[in-house]
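Accompanying notes for the structure given below.
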Amino acid sequence: MSLQMDISFACECGEHVEDIVYVQDPDFSAEKNKDSQTDSWQEVFCPSCDKEYTVQVTNTFYSAMASIDYGNVDVNHGMPYYPEDEADELYWYIDSKTHYEILQSHLKSVRTLLEVEVPPDTLFNLWVMLHGHVVSAIEGYLAGIFIHKVTNSEELIRKLVETDPEFSKRTFTLKEIFEKQSNLKVTVATYLKDLIFHDLKKVKPMFKDVLGHDFGDISWLFKDVVKRHDCVHRAGYNKDGEAIEVSKDSVLVLLEKVEALADSVEATVGKLDEPNDLPF
Numbered sequence: 001m002s003l004q005m006d007i008s009f010a011c012e013c014g015e016h017v018e019d020i021v022y023v024q025d026p027d028f029s030a031e032k033n034k035d036s037q038t039d040s041w042q043e044v045f046c047p048s049c050d051k052e053y054t055v056q057v058t059n060t061f062y063s064a065m066a067s068i069d070y071g072n073v074d075v076n077h078g079m080p081y082y083p084e085d086e087a088d089e090l091y092w093y094i095d096s097k098t099h100y101e102i103l104q105s106h107l108k109s110v111r112t113l114l115e116v117e118v119p120p121d122t123l124f125n126l127w128v129m130l131h132g133h134v135v136s137a138i139e140g141y142l143a144g145i146f147i148h149k150v151t152n153s154e155e156l157i158r159k160l161v162e163t164d165p166e167f168s169k170r171t172f173t174l175k176e177i178f179e180k181q182s183n184l185k186v187t188v189a190t191y192l193k194d195l196i197f198h199d200l201k202k203v204k205p206m207f208k209d210v211l212g213h214d215f216g217d218i219s220w221l222f223k224d225v226v227k228r229h230d231c232v233h234r235a236g237y238n239k240d241g242e243a244i245e246v247s248k249d250s251v252l253v254l255l256e257k258v259e260a261l262a263d264s265v266e267a268t269v270g271k272l273d274e275p276n277d278l279p280f
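Residue numbers for the sequence shown, in the UniProt record's numbering: 1 to 280.
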């Protein structure tokens, strides 16, 4: 999902240039804002004189900006946003109430596939794919249920702002505040989706601080996420070229742990008030 930004500036020939540049995600593995900065450079051409300008786009946890290191060119830029079709995906996270049902459907399919008869030399590949699928399914559920509950509750959004060290430190201009109010759900959903899918270690304290749910010991999940990386990026082999430990039994154990985790979350969020429409 690629962020975009509208920019405009005056070419030295006098032409008013408007264009769209891509915004690279910040480094979500960084602990501090100063370490989260990412930079990208894109070429923009004046439609009148065809002069080429190099636009530098910088993004951090807090804000994004665009600049041109040429003469006295000042770049006006808007807030980063997702294209309409990608924003639709965020609205699905916000509006959907079927995250648990979707997870259950995935897990049921995995159980069925575990019983399919395949040649012995194919079993390892099947287990590798199923392990990766189960981990992706629980990540999708955690992202979906958290985003849905938080974005539809003014109280939970306030808790997120008060307890999340990165989101709470974001600063906006007065103009941006009004823009954000009209699109607050998408703003929060964008932040949460990127965070949950890129930095699982931050999910546990967020669920506890915002939703009041304590995962307990989920060290097994972090280990299975690492194993999923080997499944997806090296087809079941670690960086040393050795086959990972995966089997029908290990996938079944993972299924049981994932189901128990999701059931515990459902028990907690079921006690929360039904989502309410925000006054924006």
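Glycine is no exception: its CB is placed at the ideal position from the N, C-alpha and C atoms.
Discussion item. Give me the residue from H229, L221 and S8 with the minimum Cα distance to N76.
Written reply: Translated into the one-based positions of the sequence shown, residue 76 becomes position 76. Comparing Cα-Cα distances from N76 to each of H229, L221 and S8, the minimum goes to S8.
Worksheet item: Does the beta-carbon distance from V269 to L211 come in below 8 Å?
Response: Residue mapping note: residue 269 aligns to position 269 of the sequence shown, counting from 1. Residue mapping note: residue 211 aligns to position 211 of the sequence shown, counting from 1. Using a Cβ distance threshold of 8 Å, V269 and L211 count as a contacting pair.
Discussion item. Using only the alpha-carbon positions, how far apart do I244 and L113 sit?
Written reply: Indexing the sequence shown from 1 puts residue 244 at position 244. Indexing the sequence shown from 1 puts residue 113 at position 113. As the crow flies, the alpha-carbon of I244 is around 20 Å from that of L113.
Worksheet entry | Cβ distance (whole Å) where I157 is taken to contact V188 below 8 Å | Taking the sequence shown and counting its residues from 1, the one referred to as residue 157 is at position 157. Taking the sequence shown and counting its residues from 1, the one referred to as residue 188 is at position 188. Confirmed, Cβ separation roughly 6 Å.
Item to complete: Using alpha carbons as the reference points, say which of Q56, L252, Q104 and H213 lies closest to D224.
Response: One-based indexing of the sequence shown puts residue 224 at position 224. Closest by alpha carbon: L252.
Discussion item. I need the straight-line Cα distance from K271 to S264, nearest angstrom please.
Written reply: The residue labelled residue 271 in the question sits at position 271 within the sequence shown. The residue labelled residue 264 in the question sits at position 264 within the sequence shown. Across the structure, K271 and S264 are spaced so that their CA atoms are roughly 12 Å apart.
Worksheet item: Does the Cβ of I20 have 16 or more other Cβ atoms within 10 Å, making it buried, or fewer, making it exposed?
Response: In the sequence shown, residue 20 corresponds to position 20, counting from 1. Burial call: exposed.
Item to complete: Identify, in the order they occur along the chain, each residue of the same chain with its Cβ nearer than 6 Å to the Cβ of S48, setting aside the five sequence neighbours on each side.
Response: On the sequence shown, position 48 is the one that residue 48 refers to. Scanning its chain for C-beta atoms nearer than 6 Å, with the 5 sequence neighbours on each side dropped, one finds around S48 the residues C13 and E15, in chain order.
Discussion item. With DSSP as the reference, identify every bridge partner of A66, one or two as the case may be.
Written reply: Within the sequence shown, numbered from 1, the residue matching residue 66 stands at position 66. Listed as beta-bridge partners of A66 by DSSP are V57.
Discussion item. Give me the residue from Y81, L103, F61 and L254 with the minimum Cα distance to Q4.
Written reply: Translated into positions along the sequence shown, residue 4 becomes position 4. Checking every option, the nearest Cα to that of Q4 belongs to Y81.
Worksheet item: Does the beta-carbon distance from D25 to T38 come in below 8 Å?
Response: Taking the sequence shown and counting its residues from 1, one reaches residue 25 at position 25. Taking the sequence shown and counting its residues from 1, one reaches residue 38 at position 38. Here D25 is near T38, since their CB atoms are less than 8 Å apart.
Discussion item. I need the boundaries of the beta strand (DSSP E) containing Q104, first residue and last residue.
Written reply: As a first step, residue 104 must be located in the sequence shown, where it is residue number 104. Note, Q104: premise wrong, no beta strand (DSSP E); alpha helix (DSSP H) at H99 to L114.
Practice prompt. Could you pull out every residue in the same chain whose Cβ sits closer than 7 Å to the Cβ of K204, ignoring the five residues on either side in sequence?
Written response: Taking the first residue of the sequence shown as position 1, residue 204 is located at position 204. Counting only Cβ-Cβ distances below 7 Å, and skipping sequence neighbours, we find F215 and I218.
Discussion item. When you compare the segment 123-137 with the segment 227-245, are there three or more beta-carbon pairs, one atom per stretch, that lie closer than 8 Å?
Written reply: A contact exists between the segment 123-137 and the segment 227-245.
Worksheet item: Among the residues of its own chain, which have a CB less than 7 Å from the CB of K257, if the five just before and after it don't count?
Response: Reading the sequence shown from its first residue, position 257 is the one you call residue 257. Counting only Cβ-Cβ distances below 7 Å, and skipping sequence neighbours, we find W220.
Fill in: Cβ-Cβ separation, V110 to L255 (assumed contact under 8 Å), whole Å
Looking up residue 255 in the sequence shown gives position 255. Looking up residue 110 in the sequence shown gives position 110. At roughly 6 Å, the Cβ-Cβ gap stays under 8 Å, so L255 and V110 are in contact.
Discussion item. Excluding the 5 residues flanking K201 on each side, which residues of the same chain have their C-beta closer than 8 Å to its C-beta?
Written reply: By one-based count along the sequence shown, residue 201 stands at place 201. For K201, where only same-chain residues beyond five positions count, the Cβ hits under 8 Å are F222.
Worksheet item: beta strand (DSSP E) containing L211: first to last residue?
Response: Position 211 of the sequence shown, counted from the first residue, corresponds to residue 211. Element bounds for L211: n/a, residue is neither H nor E.
Worksheet entry | Helix, strand or coil at I138 [DSSP, three-state] | Start at 1 with the first residue of the sequence shown, and residue 138 comes out as number 138. The answer is helix: DSSP assigns I138 an H, G or I state.
Practice prompt. Look at the alpha carbon of V17 and the alpha carbon of D6, and state the distance between them as a whole number of angstroms.
Written response: Sequence index remark: in the sequence shown, residue 17 carries index 17 (1-based). Sequence index remark: in the sequence shown, residue 6 carries index 6 (1-based). Cα to Cα, the separation comes out at about 11 Å.
Worksheet item: Near L103, which residues of its chain fall below 6 Å by C-beta distance, leaving aside the five closest residues on each side in sequence?
Response: As a first step, residue 103 must be located in the sequence shown, where it is residue number 103. Excluding sequence positions up to five before and after L103, its CB lies within less than 6 Å of the CB of A137, Y141 and A262, all in the same chain and listed in chain order.
Worksheet item: Which residues in the same chain have their Cβ closer than 6 Å to the Cβ of S2, if we skip the five residues on either side of it in sequence?
Response: Numbered from 1 along the sequence shown, position 2 holds the residue referred to as residue 2. So the qualifying residues of the chain are Y22.
Worksheet item: Is the beta carbon of M206 less than 8 Å from the beta carbon of D164?
Response: Within the sequence shown, numbered from 1, the residue matching residue 206 stands at position 206. Within the sequence shown, numbered from 1, the residue matching residue 164 stands at position 164. Contact: yes.
Fill in: Presumed contact (8 Å Cβ cut-off) between W41 and T54, rounded CB distance
As a first step, residue 41 must be located in the sequence shown, where it is residue number 41. As a first step, residue 54 must be located in the sequence shown, where it is residue number 54. Separation of the CB atoms of W41 and T54 is rounded to 6 Å, and the pair is thereby assigned contact status at 8 Å.
Worksheet item: Considering only C-alpha positions, which residue in the set A267, V73, F61 and D240 is nearest to E31?
Response: Reading the sequence shown from its first residue, position 31 is the one you call residue 31. Per the Cα distances, F61.
Worksheet item: Near D240, what residues of its chain come up, given a Cβ to Cβ distance below 8 Å and the 5 sequence neighbours on each side ignored?
Response: For the purposes of this step, residue 240 is taken as residue 240 along the sequence shown, with counting starting at 1. A distance below 8 Å between beta-carbons, with the five flanking residues on each side excluded, links D240 to no residue of its chain.
Discussion item. Helix, strand or coil, according to DSSP, for S153 in the structure here?
Written reply: Along the sequence shown, read from residue 1 onward, the residue named residue 153 stands at position 153. Correct three-state label for S153: coil.
Practice prompt. Could you please give me the residues that DSSP links to residue 288 through a beta bridge?
Written response: This structure leaves residue 288 out entirely; the chain is present only between 1 and 280.
Discussion item. Using the three-state DSSP reduction, which class does D27 fall into: helix, strand or coil?
Written reply: As a working note, residue 27 is residue 27 in the sequence shown. DSSP places D27 outside both helix and strand once states are collapsed to three, so it counts as coil.
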